[in-house]
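Residue numbers (this note's numbering): -13 to 232.
Even for Gly, the Cβ is constructed at its ideal location relative to N, Cα and C.
One structure is given below, encoded as structure tokens.
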């Protein structure tokens, strides 16, 4: 607005130089209609907050931690995370990590009981993550589904899903694969989901079918993706590979 006024005054060739009136304080108030200016919605996530709950904390970078600390001057956090689910590795202990990013007076509590995943599935999943992370915290399952983990060929995918749907009137199955192509005749429905290992994190399903877990990758990322995918099952786990297994 100041530049516009300056241009008008400079171009004024009237005898009384009336445009100079635009520089008057009373005229300045009239030139700007505050009610007509676009308003900005307040950012509800800008804080400050008195307490913040952080889930999947093992995935946060140092920069993301600093963003949270700026929004919580009290440094009061509830942090929930699992080193065994850190796709890019987690070399530090939790205390070391939290103190390094700026948190003090850290009180640690370890989850020792697994209520979600049956013993049969954890017996298969635990060696997978320990091969890459020997000191991973793997909680002990307190229940058994009495359903063994089934290994088979990817050619059996349709049969596995069809049999499960016909014998279960409710519940949700999930096919976890790195492929973007939906194989077989079963597409995504209200009872069948298709997800990548990364997108399955934090979810749970009655039946989980892993398709070619060897294709999930190698090293820590591959082990974490396999472990996470396997432990999404609350009742039954089926592992299908291109080479098949009895």
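### Cα-Cα separation, residue 49 to residue 32
Along the chain shown, one-based indexing puts residue 49 at 63. Along the chain shown, one-based indexing puts residue 32 at 46. One C-alpha to the other measures close to 16 Å.
### Query
Would residue 137 count as contacting chain C if we go by Cβ distances under 8 Å?
Given the protein chain composition of this structure (a single chain), no chain C is represented.
### Task
Within the segment 186 to 211, note down every full beta strand (DSSP E) run reaching 3 residues or more, in order along the chain.
Those beta strand (DSSP E) runs which fall completely within the segment 186 to 211 and span 3+ residues are 191 to 197.
### As assigned by DSSP and simplified to three states, the class of residue 234
Since the first residue of the chain shown is -13 and the last is 232, residue 234 is not available in this structure.
### Task
My understanding is that residue 35 touches residue 57, with C-beta atoms under 8 Å, so please give their C-beta distance in whole angstroms.
In the chain shown, the residue the question calls residue 35 occupies position 49. In the chain shown, the residue the question calls residue 57 occupies position 71. The beta-carbon distance between residue 35 and residue 57, rounded to whole angstroms, is 6 Å. This is short enough to meet the 8 Å contact definition.
### Task
Name the residue from 55, 215 and 44 whose alpha carbon lies nearest to the alpha carbon of residue 38.
The sequence position of residue 38 within the chain shown is 52, counting from 1. Ranking 55, 215 and 44 by Cα distance to residue 38 puts 55 first.
### Message
Rounded to whole angstroms, what is the Cα-Cα separation between residue 155 and residue 134?
### Response
Locating residue 155 in the chain shown gives position 169, counting from the first residue. Locating residue 134 in the chain shown gives position 148, counting from the first residue. As the crow flies, the alpha-carbon of residue 155 is around 21 Å from that of residue 134.
#### Entry: Endpoints, alpha helix (DSSP H) assigned at residue 153
What you label residue 153 is simply residue 167 of the chain shown in a count that begins at 1. Note, residue 153: alpha helix (DSSP H), 143 to 153.
### Task
Express the C-alpha separation of residue 213 and residue 112 in angstroms, rounding to a whole number.
For the purposes of this step, residue 112 is taken as the residue at position 126 of the chain shown. For the purposes of this step, residue 213 is taken as the residue at position 227 of the chain shown. Using only the alpha carbons, I get a separation of about 7 Å.
### Message
Comparing C-alpha positions only, which one of 229, 205, 27 and 223 sits nearest to residue 120?
### Response
To locate residue 120, count along the chain shown from 1; it is residue 134. Checking every option, the nearest Cα to that of residue 120 belongs to 205.
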